[in-house]
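To start, the structure itself, in structure tokens.
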Ligand code: HEC
Ligand code: HEC
Ligand code: HEC
Ligand code: HEC
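In my numbering, the protein residues as written are 40 to 278.
Have a look at this one:
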């Protein structure tokens, strides 16, 4: 009995203080005559400039943190790529060559002459280290191994990279449980021409004994919205 009363009193008290707070939070509305050129308040809001506190100098910019993966993503290994690069180590030729940073079409190189990636906005040395051709680089000039190319790609394609870390893009090999092994971006995307090209679908799987294969499906052609309207589409604009 007693405790119930106490609880009720507490609730009432809480409500009343809240109401009071709300009331005081409402700005004093100009209920009667608004006074735009009102007389100055009793305490002058003005103070000499000299008394202003000089703001402290902003802290010197610190080096941004190096990206170290997503904490939510479980640890993983990446399938090595370096052993598939025919020209690796690049230093076989490049240690004897002076690097040439001028963007140009590479006529005399044993590599692709021009880049499709980035539609003219990228150049080789955005990704390849100038003074050690056996490595890739980040935009902050950090050395990146060819096997860790996903760190280079993720600087610009961070959404895909996050999906890749968390399992929404790319491909896992091996077990789904235990240690995860992922294909690196360059396993599927040519870094110099990365758009995935359309390809032939693989052959249909064999049919189980006793069953008949379905006849060829007549795929309708044309745009979905044209197909469904069976004729001319009346749009709002034409009405
Ligand atoms: C067989 C020799 C050879 C090998 C191996 C080689 N390159 Fe080159 N590379 C060249 C030549 C020659 C040029 C200059 C072409 C020109 O100036 O037109 C060149 C130019 C380049 C350039 C343009 C910038 C510059 O300094 O001229 C890049 C970037 C590059 N190579 C990257 C690589 C990478 C990465 C590898 C290893 C995966 C590699 N190369 C392996 C011969 C080679
Ligand atoms: C977007 C970043 C990027 C740019 C720009 C880029 N590369 Fe690469 N390049 C890579 C990556 C990543 C690899 C490793 C590929 C792999 O793992 O199979 C690579 C591999 C190579 C290789 C060895 C494999 C091959 O395809 O022969 C050569 C040579 C090369 N790059 C030269 C160049 C040259 C020359 C340019 C400029 C015309 C250039 N790259 C521009 C990222 C880049
Ligand atoms: C310095 C920034 C940069 C880096 C690093 C980079 N890319 Fe790109 N990438 C671009 C730009 C810019 C485009 C062109 C987007 C467009 O067409 O509007 C592009 C396009 C692409 C596309 C085609 C997407 C589309 O919408 O057409 C793919 C796939 C891709 N990149 C994969 C990669 C991979 C894989 C790597 C690592 C080897 C990589 N990128 C590294 C800037 C970058
Ligand atoms: C197992 C192969 C595979 C791996 C690994 C992979 N991708 Fe992709 N990626 C694809 C395919 C296939 C598509 C095309 C999907 C589509 O058209 O919807 C694609 C699409 C993309 C696109 C958009 C291109 C477009 O045309 O819309 C970008 C950007 C991209 N990938 C970047 C990356 C990056 C960055 C990584 C590494 C962190 C990566 N991918 C790893 C297969 C892969």
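Heads up, the beta-carbon is just placed ideally off N, CA and C, and yes, glycines get one too. Because the structure is a prediction, the values reported are computed rather than measured.
Count the other CB atoms, across all protein chains shown, that sit within 10 Å of the CB of residue i; report buried if there are 16 or more and exposed otherwise.
i	result
residue 63	Low confidence applies here, because residue 63 scores a pLDDT of 44, under 50, leaving its location unreliable; read the following figure in that light. Residue 63 comes out exposed.
residue 223	buried
residue 110	exposed
residue 203	buried
residue 216	exposed
residue 132	exposed
residue 207	exposed
residue 227	exposed
residue 166	buried
residue 101	exposed
residue 88	exposed
residue 193	buried
residue 235	exposed
residue 250	exposed
residue 140	exposed
Since residue i and residue j should fall inside the 8 Å C-beta cutoff, what is the C-beta to C-beta distance between them, to a whole number of angstroms?
i	j	result
residue 257	residue 230	The Cβ separation is near 40 Å, so there is no contact.
residue 115	residue 219	4 Å
residue 173	residue 128	5 Å
residue 149	residue 126	7 Å
residue 154	residue 161	6 Å
residue 156	residue 237	The Cβ separation is near 18 Å, so there is no contact.
residue 221	residue 117	5 Å
Rounded to whole angstroms, what is the Cα-Cα separation between residue i and residue j?
i	j	result
residue 183	residue 191	7 Å
residue 61	residue 93	For residue 61, the predicted structure reports a pLDDT of 45, less than 50, and the residue's modelled location is therefore unreliable. The matter cannot be settled from this model.
residue 119	residue 185	8 Å
residue 74	residue 85	With a pLDDT of only 46 at residue 74, under 50, the local geometry of the prediction cannot be trusted, and no value is derived from it.
residue 243	residue 142	47 Å
residue 201	residue 106	12 Å
residue 113	residue 103	24 Å
residue 176	residue 211	25 Å
residue 214	residue 159	40 Å
residue 171	residue 138	9 Å
residue 260	residue 152	38 Å
residue 145	residue 240	35 Å
residue 135	residue 99	41 Å
residue 209	residue 248	35 Å
residue 122	residue 195	25 Å
residue 91	residue 178	42 Å
residue 130	residue 225	21 Å
residue 124	residue 147	19 Å
residue 108	residue 95	35 Å
residue 254	residue 246	12 Å
Measuring from the CB of residue i, is there a heavy atom of ligand 6 at a distance below 6 Å?
i	result
residue 230	Ligand 6 is absent from the structure shown, which contains only ligand 1, ligand 2, ligand 3 and ligand 4.
Using a C-beta cutoff of 7 Å, does residue i count as contacting chain C?
i	result
residue 147	In the displayed structure, chain C is absent; only one protein chain is listed.
task = Enumerate, from N- to C-terminal direction, the unbroken alpha helix (DSSP H) stretches of 4 or more residues contained entirely within the region 106-182.
result = 130-133
inquiry  = If we require 3 or more residues per run, which beta strand (DSSP E) segments fall completely within the region 185-228?
reply    = 219-221
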